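Let me begin by presenting the structure, written as structure tokens, before commenting on it.
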Amino acid sequence: MTTSATRRAAFRAKVNQRQGLLVPGAFNAMSARVIEDAGFEAIYITGAGVTNMSLGLPDLGFIGLAEVAEHTARIRDAVALPLIVDADTGFGNALNVRQTVRVLERSGADVIQFEDQVMPKKCGHFSGKEVVGTSEMVGKIRAAVDAREDGNLQIMARTDAAAVHGIEDAIERGHRFIEAGADILFIEATESLADIERLPSLFDAPQLINLVIGGKTPVQSRDALAKLGYGIVLYANAALQGAVLGMQRALGTLKSNGRLDEDATLVAPFSERQRLVNKPLYDRLDREYAAKD
């Protein structure tokens, strides 16, 4: 069995190859299981997705450490893939960041992401964001690095400064964040193709690029981004938006027709649903442990 230390070390090496690792986002254990089953190599636990799908609210800072830790633990129990966990602002100051790392590391995170927005934060592709001072975020990163027990648990630093102060400020922050110990850099909501092309060459650490479907960053192919040197190509809410459309189509048909059959264009077969939740395993275990007298 792969240990957490082995998994984290292998994932660190994978990200450092800077070959555009394609990572979808999960919002619960079932979506994580689907991602793993589809053959992806890592999962991003999306704060926006958890907020949207568990609370029915927009990504405006409504969830805290307890909710993120609970979702992380449930997803870790369901899948073996490396988990990148969106920890928003760290839910407070540097001391809160320290506690966040301790809790999420125990919950099964392999990478923990922190951003430099003020609280309450907003989705990186919303307007009206504000960021904290660079020195405050540097302190948070240092606290995160010092708090981890496993040195291969990676700390990802995200800056939203491009939308607030411009791309040059975001670049300057990126250098400061890496100097403070961040393992991965994430410059959010880059809008210029020229900036997308030049950013990987500016930093020693690998970078994540976030392609929000319908968001501000121009969508590029994974292959093109890999050639540029990005470590991770993130589609944080592709599964969420696909699931919403699937529900709308299936329920729209049910409402219109008054019935819904096992139509492969609208719903997964009953048998597929049971396969994804490992029902055959539990059937076998039920037989194995059943009373024999």
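Per our numbering, the very first residue in the sequence shown carries number 8; after that it's consecutive. Cβ atoms here follow ideal geometry from the backbone N, Cα and C, with glycine treated the same way. Quantities reported herein were computed from a predicted structural model and do not represent experimental measurements.
Proximal residues to residue i (C-beta, below 6 Å), its chain only, five neighbours per side dropped
| i | result |
| --- | --- |
| V125 | E137 and V139 |
| A101 | G146, K147 and A150 |
| F193 | M163, R165 and L215 |
| D66 | A55, T58 and C130 |
| Y242 | P31 and L218 |
Close-in-space but distant-in-sequence residues of the same chain around residue i (CB under 7 Å, 5 per side omitted)
| i | result |
| --- | --- |
| M60 | F34, N35 and L247 |
| T260 | L267 and L273 |
Length of the line joining the Cα atoms of residue i and residue j
| i | j | result |
| --- | --- | --- |
| D117 | V22 | 12 Å |
| A154 | T272 | 48 Å |
| G188 | G265 | 58 Å |
| E112 | E204 | 33 Å |
| A297 | L288 | 14 Å |
| G238 | Q227 | 14 Å |
| T9 | A16 | 11 Å |
| K223 | A80 | 31 Å |
| H78 | I70 | 11 Å |
| A245 | K128 | 21 Å |
Cβ-Cβ distance between residue i and residue j below 8 Å
| i | j | result |
| --- | --- | --- |
| G32 | T53 | yes |
| D202 | I220 | no |
| G305 | F133 | Absent from the structure is residue 305, since the part of the chain shown begins at 8 and ends at 300. |
| R183 | V145 | yes |
| A160 | T107 | The sequence given here places Leu at residue 160; Ala does not occur at that position. Not a contact, by the Cβ cut-off of 8 Å. |
| Y51 | D95 | no |
| R176 | A196 | This sequence places Asp at residue 176; Arg is not what is there. Taking 8 Å as the Cβ cut-off, D176 and A196 do not qualify as a contacting pair. |
| I185 | D211 | yes |
| R83 | S38 | no |
| I178 | L200 | no |
| V110 | A76 | yes |
Three-state class that DSSP yields for residue i in the structure shown
| i | result |
| --- | --- |
| M37 | helix |
| A15 | Residue 15 is actually Arg in this sequence, not Ala. Reduced to three states, the DSSP call for R15 is helix. |
| I42 | helix |
| A164 | strand |
| F133 | coil |
| P89 | coil |
| V110 | helix |
| Y237 | coil |
| V118 | strand |
| Q227 | coil |
Local Cβ density within 10 Å of residue i, reported as buried at 16 or more and exposed below that
| i | result |
| --- | --- |
| N285 | exposed |
| K299 | exposed |
| M254 | exposed |
| R280 | exposed |
| Q26 | buried |
| A45 | exposed |
Residues near residue i by beta carbon distance below 8 Å, same chain, minus five either side
| i | result |
| --- | --- |
| R40 | A85, V86, L283 and V284 |
| L28 | K21, V22, E48, A49, G238, I239 and V240 |
Closer than 8 Å to chain B by CB, residue i
| i | result |
| --- | --- |
| I174 | The structure shown contains no chain B, having only a single protein chain. |
Distance cut-off 7 Å: residue i Cβ against heavy atoms of the ligand FAD
| i | result |
| --- | --- |
| G259 | Absent from the structure shown: the ligand FAD. Ligands present: none. |
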